[in-house]
Structures are given as structure tokens and as C-alpha cells.
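Numbering (full-length UniProt numbering), first residue to last: 1 to 733.
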């Protein structure tokens with residue numbers, strides 16, 4: 001017999017034969033502060049969740065449903081919803097149907113049954129994802145959607161909780177999370193072992209240990225197994241009961257009263273103390289992991305039967321009967337009526353419109369634009385006071401690092417919702433001094449020194465963005481982002497897509513990267529691959545080549561984040577941070593005077609830079625390639641070659657029309673790419689020009705498919721002035 005059917009029949013059998021019984025030590029609901037009305041509502045939410053699980057399997061068998069990772073055995077999280085407020089943001093894992101169903105009871109006008117059935121059927125009318133995935137989520141219920149994540153939502157839950165205290169310190173009002181809000185993040189016992197989860201626990205504990213307000217509940221729904229791998233008995237308690245910075249609470253999620261009591265204690269503690277709680281809720285997994293998973297293949301029959309005996313619905317029904325709130329027959333009638341009602345609704349839901357075009361699917365990749373308060377307009381005196389000793393240098397030519405530092409300060413002065421966060425960004429001023437004096441000027445609430453954990457840095461930014469901030473997290477080196485890239489790919493970039501544009505996490509991620517450093521580095525400080533960002537739908541990738549462009553592009557990046565809610569990656573070429581000269585020592589051609597806000601020509605998304613107007617050759621490049629190509633251009637000019645150098649600036653998305661227009665009448669196109677031959681921007685550019693301008697002769701030069709070594713060999717695998725010159729001459733020949 002199908003596992004779901006077996007559990008269903010055992011429940012109905014227990015109701016019919018009078019074998020319902022609570023544990024001898026089960027608490028009295030009155031002592032837990034649980035009224036008849038509240039307990040009955042929780043139990044009805046649990047019954048509805050169970051019938052939805054059964055229905056999802058039926059729909060999948062008919063080819064009309066597409067999601068069967070159910071909540072059966074985890075219905076205790078409905079009691080957690082009862083203990084929290086609708087305004088307490090909840091980042092939920094995929095066994096939380098009962099939580100959302102019950103939270104919906106707390107807000108008039110909700111239709112959670114119908115909404116979830118539309119999601120089961122992947123209907124375009126699904127109010128959270130628009131038919132893109134079966135996700136638990138709701139904008140009115142403050143539940144951002146999660147897909148089948150393995151605890152990747154925990155770092156951003158930490159960030160959201162952290163943002164509440166920061167908002168209070170800064171006196172910010174009208175944000176999505178109230179001052180007294182609590183944040184919830186739920187996950188399974190197996191997910192607690194994931195490095196992402198461990199980083200979140202550590203960050204929360206580290207922060208709380210120092211007294212930082214962090215009103216957060218980690219809800220571990222411990223069912224003792226991860227797909228087919230058992231969790232050692234006592235493992236979660238041993239790991240977390242005495243963990244520094246986390247207040248541990250244990251409860252039995254299979255008993256409605258105990259679950260509510262534990263959740264209430266956790267919510268009250270987090271709200272009162274503003275400290276993180278680890279709520280260890282014992283649950284049971286019924287049916288197996290998902291629809292196709294047969295537990296009998298890897299679990300003994302006796303254990304499966306023991307788990308089925310711990311069915312939360314059996315305990316809930318026993319409570320109802322024991323207290324005289326419902327008879328067994330009334331429970332059975334309610335259960336069957338819920339099932340019949342859902343089945344009727346499902347027949348309507350499966351006929352609702354579906355997504356049928358690529359355009360419709362992709363419509364929510366780019367978030368909607370929003371109206372933001374205008375920038376502050378600081379007076380000349382205010383800016384002079386802020387910059388103090390720097391003011392008399394700002395009209396002198398400076399290198400990129402100094403210009404970026406001033407641009408960051410001006411942006412933070414203009415937009416109080418901007419926060420900078422990362423390793424050493426505070427008093428030290430960052431590895432390359434780009435965040436110099438920001439901490440002194442804006443304080444620790446807006447310039448946040450973080451742990452040495454890139455997952456925590458990006459999660460902090462995502463969570464703060466959920467609460468109305470515009471974060472600018474810094475990753476020290478490009479090579480360091482890879483252990484945290486799923487925070488960008490699987491969390492930040494997908495949020496608008498899976499919420500139909502209702503939830504966004506706008507931010508500007510600053511990363512020092514690329515090659516050509518002198519006297520320092522090796523691969524881990526000279527990573528010359530941007531492919532990790534280029535293939536993430538919706539993410540903007542910006543790479544400036546000089547200080548003036550960097551300032552104007554950073555301002556555009558902030559505008560894109562603030563007004564268009566975009567996730568932007570801003571890669572700053574390390575080797576060009578301090579570069580002053582282009583052709584010879586002392587020429588100062590790679591420096592610029594600082595353009596204050598409102599000065600200079602803005603650089604908008606997609607705008608390319610063009611130096612020269614030659615028609616013999618167009619060199620298309622970016623970053624360090626622009627610098628080297630300008631050097632090669634001088635050598636070519638001495639040979640009588642009329643060339644132009646085109647700086648892409650924006651590598652994702654590339655504005656193809658603007659790029660083609662910039663190439664103009666040039667007969668030959670040389671693509672210079674400092675990233676590796678395989679997987680680099682040059683591949684896409686070669687395809688673009690082949691398709692759009694087949695009459696032009698093309699060639700490319702890119703870095704070798706190699707990591708970058710240390711020492712004097714650091715640049716031998718990369719394009720150089722001379723190799724660009726040689727490639728150009730060959731193309732011209």
C-alpha cells in the first residue's frame with residue numbers, strides 16, 4: 001500500500017476504534033496558554049496541510065501536479081505560526097505548509113488553500129511565484145519564497161534579524177520589519193550540517209556573544225533523517241544545547257500543546273532579549289522524502305511503524321477528544337470535508353492558465369522599478385566637513401582607489417539606507433584602502449566589519465535588503481567568492497523570479513579581482529574568471545577600467561539597486577587601483593580629478609567607452625585589457641594603423657546595439673579578454689560579431705586556460721601590450 005494511504009487509513013482507524021490517547025506526560029493546554037479556539041484552529045490547519053500532501057501525490061500521478069515534498073509529520077510548525085506575529089518575517093523550508101496555512105488564518109482576506117493549489121498546478125495565477133515553481137511564500141504573510149534549498153536561506157535570515165537593530169540605531173522608520181519584530185528560519189536536522197547553516201549559526205552566535213541585537217529563531221525540525229541518511233540520536237542537542245550565543249529550547253513537535261509552548265517560549269525570549277534562539281523541535285517524517293521515495297528500501301519496517309505511531313494528527317485528535325473540544329467523529333468529518341473541498345478546488349486549479357511563452361517565464365527575472373525617496377542634497381559645507389583633510393586634494397588627479405573611496409563617501413552621505421559590510425572595511429579601510437575613513441565618517445552601524453566568511457557577508461546583505469537597506473557588501477578577492485556563490489546564484493538572483501517580482505534584494509556587491517598585480521598574489525588573489533556571474537540571469541556585471549569611469553559606474557550601480565532593485569556585481573581591477581601612468585613613468589594619464597555628484601557625464605547601464613575613431617581596427621575589451629590595449633594602440637599608431645579602443649564597461653548584460661554602433665566602420669575587430677579562453681566574455685563576443693557583422697574580420701586574444709602563478713611568472717599566461725600588438729598586426733595582415 002502507498003505510504004500516504006497507509007498513514008491516512010491508520011488515522012481514520014484510530015478515530016473510528018477509539019484508540020486515541022495522549023502521552024501520559026502531555027502538558028495541559030491551559031498551562032501553556034492555549035485556548036480551545038486557538039488549539040482548534042491550529043489542529044484544523046494541520047488537517048488541511050495533511051490533506052494537501054495527499055492531494056499533491058494524486059495530482060502528480062495524473063500529470064497535473066509537480067511537487068510532492070510534503071509536510072506530513074511536520075505539522076507542528078503550525079503551532080510556531082500561532083506563537084508568532086504576521087509581521088515576523090519567516091524564511092521557511094519546504095515542509096512548512098502547515099505554518100503558512102495557519103499564519104493565513106491570522107490575516108483576514110487570505111485564501112491559502114486555493115493559493116497553494118494554484119502553486120501545485122504551476123498556474124500562472126499562483127500569487128507567489130506566478131507558476132514558476134511550487135514554493136511556500138506570501139507577500140502579505142511576510143514569507144519570502146524558498147525553493148528546495150539546503151539551508152542557503154539561513155545567512156539571509158541572520159541578515160534580516162541584524163538589520164532590525166541597525167535600523168533602530170539609525171532611526172530609520174517605515175521599513176518592512178517593525179522595531180520589535182522577530183525573524184524565523186526553519187530547516188531540517190540534516191540541513192543543520194551544511195556549511196552554509198553552520199556559518200549562519202556561527203555568525204548569529206558571534207554577534208550575540210558581543211551583545212549585538214539579533215532577534216532570530218532558528219527552528220530545527222528534527223525528524224531524524226536526511227533523505228535516506230539517519231541523523232545520530234542526540235546529535236542536534238549535543239551540537240546546540242551549549243553553543244555560544246544561542247539560547248537552546250527543546251520541544252516535541254508531534255504534540256500540538258508542547259509545540260506551541262516551545263514556540264511561545266522561543267518567540268517571547270527572542271522578542272524580549274533581542275537574542276537568537278535555537279528551537280529544537282522533534283518531528284517525524286511520514287511517507288518518505290518525496291513522492292518517488294520508498295522508505296522501505298532503506299528503513300526497517302519496525303522503525304517506519306514507530307514513526308507512524310508518532311503522527312502529529314493522532315496526538316492532535318487525542319487532545320481534541322480529551323478536552324471535549326471535538327469528538328472523534330467530528331474530527332473525522334472535518335478531515336474528510338477538508339479533503340473533499342480541496343479536491344473540488346484542485347479540479348478548478350488545474351484548469352487555470354499556465355505559463356506558455358519564454359517571455360512570460362522571464363518576466364520576473366528583472367525586478368520592477370520602485371519609487372525611492374530622492375537623494376539627500378548635502379550642502380557644500382557639509383561635504384567639506386565630511387571630507388575634511390581630503391577636500392583640498394579632490395581637484396587633483398588621483399588613482400582609482402582614492403576616487404572610489406570618495407565616491408563611496410558621497411553615496412553614503414546622499415543615501416542613508418546604504419550600508420557597507422565586509423572583512424576589514426571598518427577602521428582599517430579595506431585591503432586596498434578603498435573604504436578608508438568611511439567608518440570614521442559614518443560609524444559602525446553603516447560600515448560593518450564582518451567575520452571572515454563570504455557566505456555570512458552576502459547573506460547579511462541579502463537579509464538587510466529584505467528590510468529596505470541598500471547594502472554594498474565587499475568581497476576581498478574574486479577567488480574568495482566561490483565558496484559563497486550560491487548566495488548570489490541561488491538566493492539573491494532568484495528571489496524576484498520566484499516571487500513574481502514581489503520580493504527583491506537590491507545590492508551592489510563590490511569585489512576586488514582580476515589579474516596583473518605586481519609583487520603579490522598568485523591565483524587566490526588574481527582570479528581571472530568572471531563566468532560565475534555572467535551566467536546568472538538578471539545579475540548586472542560591471543568592470544571599470546579607470547578611476548573616472550569607476551566613480552560614474554558606481555553611482556549608476558547604486559541607482560540600479562535603489563530604483564530598479566537590481567543585484568549588481570561591481571568588479572574592481574586590483575592592478576589598476578593605484579595605477580597612475582599609461583605609457584611612461586610620470587605621464588599621469590591613468591588618473592582623474594574627482595567628479596563630485598552632479599558633475600561629469602553619467603555612465604548608464606550598457607554605455608560603452610570609446611577612445612579614438614580609427615576605422616582600420618576596433619579593439620573591444622574591458623578592465624586591464626583596456627589599459628593594455630591603449631598602450632598597444634600607441635604602438636599601432638606609430639605603424640600608421642588607425643584604431644579605436646572600445647571599453648565594454650558592462651559585461652552583463654552587454655548592450656549589443658551600442659557595442660556594434662561603437663565599432664562603427666572599423667573593418668576588423670580584435671577582442672582582448674583578460675579572462676581565460678574557455679568560458680570568457682570573448683566567446684560570446686565572437687558569436688555576437690559573427691552573427692551581427694559577418695562582413696568584419698575577427699580575432700581574439702585571451703588568457704591561457706591556466707591558474708595564475710606567483711612571482712615573476714604572474715602575467716605570462718595573460719594578454720600583454722606586446723601580445724595585443726602582435727595579434728592586431730596579424731589581423732591587419
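Note that beta-carbon positions come from the ideal geometry of N, C-alpha and C, so glycine has one too.
{"query": "Run of the beta strand (DSSP E) containing residue 510, from where it starts to where it stops", "result": "507-513"}
{"query": "Where residue 622 falls: helix, strand or coil (DSSP)", "result": "coil"}
{"query": "Pairwise C-alpha distance: residue 348 and residue 60", "result": "15 angstroms"}
{"query": "From 481, 72, 171, residue whose alpha carbon lies closest to that of residue 311", "result": "72"}
{"query": "For residue 30 and residue 105, the rounded distance between their alpha carbons", "result": "21 angstroms"}
{"query": "Inside the region 214-279 only - beta strand (DSSP E) runs reaching at least 3 residues", "result": "216-222, 247-252"}
{"query": "Residue 112, DSSP secondary structure in three states", "result": "helix"}
{"query": "Burial state of residue 695, where buried means 16 or more other Cβ atoms lie within 10 Å", "result": "exposed"}
{"query": "Residue nearest to residue 27 in terms of C-alpha spacing, selected from 14, 257, 233", "result": "257"}
{"query": "Chain-order list of residues whose beta-carbon lies under 7 angstroms from that of residue 131 (same chain, five-residue window excluded)", "result": "122, 123, 124, 354, 355"}
{"query": "As assigned by DSSP and simplified to three states, the class of residue 322", "result": "helix"}
{"query": "Where residue 128 falls: helix, strand or coil (DSSP)", "result": "coil"}
{"query": "Alpha carbon of residue 447 to alpha carbon of residue 429, nearest angstrom", "result": "10 angstroms"}
{"query": "Residue 616 vs residue 666 beta-carbon contact at 8 angstroms", "result": "yes"}
{"query": "Classification of residue 392 by the beta-carbon crowding that lies within 10 angstroms, buried from 16 upward", "result": "exposed"}
{"query": "Per-residue burial, residue 340 [other beta carbons within 10 Å of its own, 16 or more giving buried]", "result": "exposed"}
{"query": "Collapsed DSSP secondary structure at residue 381 in the structure displayed", "result": "helix"}
{"query": "Residues of its chain near residue 549, where Cβ-Cβ distance is below 8 angstroms and the 5 sequence neighbours each way are ignored", "result": "603, 609, 647, 649"}
{"query": "Closest Cα partner of residue 41 within the set 320, 464, 383", "result": "320"}
{"query": "Whole runs of the beta strand (DSSP E) within the region 430-482, excluding any shorter than 3 residues", "result": "447-449, 470-475"}
{"query": "Nearest-angstrom Cβ-Cβ length linking residue 545 and residue 626, presumed shorter than 8 angstroms", "result": "4 angstroms"}
{"query": "Own chain partners of residue 87 with C-beta closer than 8 angstroms, once the 5 adjacent residues on each side are dropped", "result": "142, 177, 178, 181"}
{"query": "Span of the beta strand (DSSP E) around residue 176", "result": "Note, residue 176: premise wrong, no beta strand (DSSP E); not H, not E."}
{"query": "Inter-residue spacing [alpha-carbon to alpha-carbon] between residue 281 and residue 250", "result": "6 angstroms"}
{"query": "Distance between residue 611 and residue 645 (C-alpha atoms, nearest Å)", "result": "5 angstroms"}
{"query": "Segment limits, beta strand (DSSP E) that includes residue 611", "result": "609-611"}
{"query": "Best match in 731, 700, 559 for proximity to residue 641 [C-alpha to C-alpha]", "result": "731"}
{"query": "Close beta carbons around residue 523, own chain, < 7 angstroms, minus the five adjacent residues each side", "result": "479, 707, 708"}
{"query": "Bounding residues of the beta strand (DSSP E) (the contiguous stretch that carries residue 604)", "result": "Looking at the DSSP string, residue 604 is not in any beta strand (DSSP E), and its letter there is neither H nor E."}
{"query": "C-alpha gap between residue 38 and residue 422, whole angstroms", "result": "44 angstroms"}
{"query": "Where residue 139 sits in the DSSP three-state scheme", "result": "coil"}
{"query": "Continuous beta strand (DSSP E) stretch holding residue 291: start and end", "result": "Neither: residue 291 is in no beta strand (DSSP E) and is coded neither H nor E."}
{"query": "Through-space distance from residue 553 to residue 699, alpha-carbon basis", "result": "28 angstroms"}
{"query": "Straight-line Cα distance separating residue 567 from residue 505", "result": "7 angstroms"}
{"query": "Rounded straight-line distance, which links the Cα of residue 396 to that of residue 719", "result": "31 angstroms"}
{"query": "Spatial distance of residue 542 from residue 620 (CA atoms)", "result": "15 angstroms"}
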